[in-house]
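Colleague: Mapping to our numbering: the sequence shown position 144 is 130, numbers consecutive. From the three backbone atoms N, C-alpha and C, an ideal C-beta is built for every residue, glycine too. From a predicted model like this one, the values you see are computed outputs, not experimental measurements.
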Amino acid sequence: MSSQWENFLKNLGEWHGSFAQFSPQGEPLQETPTIVSFEGENNDRTIRQTVRYLKSEKPPIELVWDSTSPPYHILFFEDGAFSQGSLQWGFGGEFGAELGLIEGNRRLRLVLLYNRSNQFDRLTLIREKLVGTSPPERLPLTIEQLIGEWQGEATTLYRDRAPSQTFPTCLKVERQSDNRLSQSLSFGNNTLTSTAQIHPNRLLFDEGHFPVQILFLPDGASANCPLHIKPGHPFILESGWLTEPNQRRRFIRSYDAKGAWVSSTLVKERKARG
C-alpha cells in the first residue's frame, strides 16, 4: 500500500476552477474563479501549495508541506482523494471539514461549515480541472439519477492509523410517493434504513435524533450533513459525485458520540439497476 505522502502527490499540478458558495438550503450565493497549484520541490519531498483568487482582492494563500511531517489532520487515499478539517466538535467554536475527490483530470471539493450555535451555516463547492485539459462538467444532481440500486466497495482509513478496512456496499434508493423517498444502505454486516422528504433541490431525512439533508449541487455533486449537531450522537459529513450516469463516488468523514473525528471512508459504486 502506498504511503500517505505518495497519495498526497496525486494532487500535484495546477488546478483551475472556482469556489462557489451556497446557503444552508443550497441556494447559490457567489462564485470566485481560482487557481490552486501544488508544486513539488526537493525531489517531491516538499510541496508548495498556492491558492490564487481571480477577480478578487483576496491575497494569495501559500502553504508548504514537508514529507518528514505529513499533516496529521488529513487522510489521503490511493487515488489522491482526501479529507481534512476539525479534529473535534464542541460547543463555542466554528466547526467543519473539506472533502476532496479526484476523477482523471478533475477534482471536486466540498467544504461544510457550522457556526458557534452548532447549526449548518455555509457550504463551498470547488470544481477544478488540470491546466490544459477540458473535461466536461455535469449538470446538477437530480433525484431521478439517484433512484435505483448501487453496488460498490468502501475503504476506511482511521485517524489513529489502525489498519484500513475494505468491504462491499449496497445502496437501494426508492421513491415511495411524489414527496417521499426511502433508502437502504448495507455495508459489512450492517443495514441502515431511512426515509426522506423530497424537495426540489434536496432530500430531508426527518427521522432519528436530528434532521439530516442531502443537497443536490452542480456537476453531479451532493452534500450530506446534519442541519444541527447535538452532543451525544455520532454523525457524518459526506460529499458525493456522480462522475458518470452509472458511477458515483462518496467520501464520508465520521465523528463519534463525543464529537471526535474517527475515520474517513471512500466509496466507489456503480448502478446495478434503476
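1) Is G76 buried or exposed, if buried means 16 or more other CB atoms sit within 10 Å of its CB?
2) Check whether chain B comes within 8 Å of I129, counting only Cβ atoms and requiring the distance to be less than that.
3) Considering only the alpha carbon of each residue, which of N232, S69, Q16 lies closest to T110?
4) Report the option in S23, G71, S42, Y39 whose CA atom is closest to the CA atom of L49.
5) Mind pulling the beta strand (DSSP E) runs of 3 or more residues that sit fully within the stretch -12 to 49?
6) Rounded to the nearest angstrom, how far is the Cβ of S225 from that of R236, given a contact under 8 Å?
7) Going by C-alpha distance, which of Y58, D65, F196 is nearest S(-12)?
8) For my contact list, L171 and L190 are in at a C-beta cut-off of 8 Å; report their separation, rounded to the angstrom.
9) Is it right to say R113 is buried, meaning 16 or more other beta carbons lie within 10 angstroms of its own, or is it exposed?
10) Which term fits V253, buried or exposed, when burial requires 16 or more other beta carbons within 10 angstroms of its beta carbon?
11) Hey, is the stretch 3 to 14 in contact with the stretch 197 to 212, meaning 3+ C-beta pairs nearer than 8 Å?
12) Alpha carbon to alpha carbon, what distance is there between N175 and G118?
Modeller: In this structure, then:
1) Exposed is the call here.
2) Of the chains in the structure shown, none is chain B; there is only one protein chain.
3) Taking only the C-alpha atoms, the option nearest T110 is Q16.
4) Looking only at S23, G71, S42, Y39, the smallest Cα-Cα distance to L49 is reached by S23.
5) Correct list: -1 to 8, 14 to 27, 32 to 39.
6) Yes, they are in contact, since the Cβ atoms of S225 and R236 sit about 7 Å apart, within 8 Å.
7) Restricting attention to Y58, D65, F196, the CA atom closest to the CA of S(-12) is found in D65.
8) Rounded, the Cβ-Cβ distance is 17 Å, inconsistent with contact.
9) Buried is the call here.
10) Buried is the call here.
11) The answer is yes - the stretch 197 to 212 touches the stretch 3 to 14, with three or more Cβ pairs under 8 Å.
12) Their backbone Cα atoms lie some 45 Å apart in a straight line.
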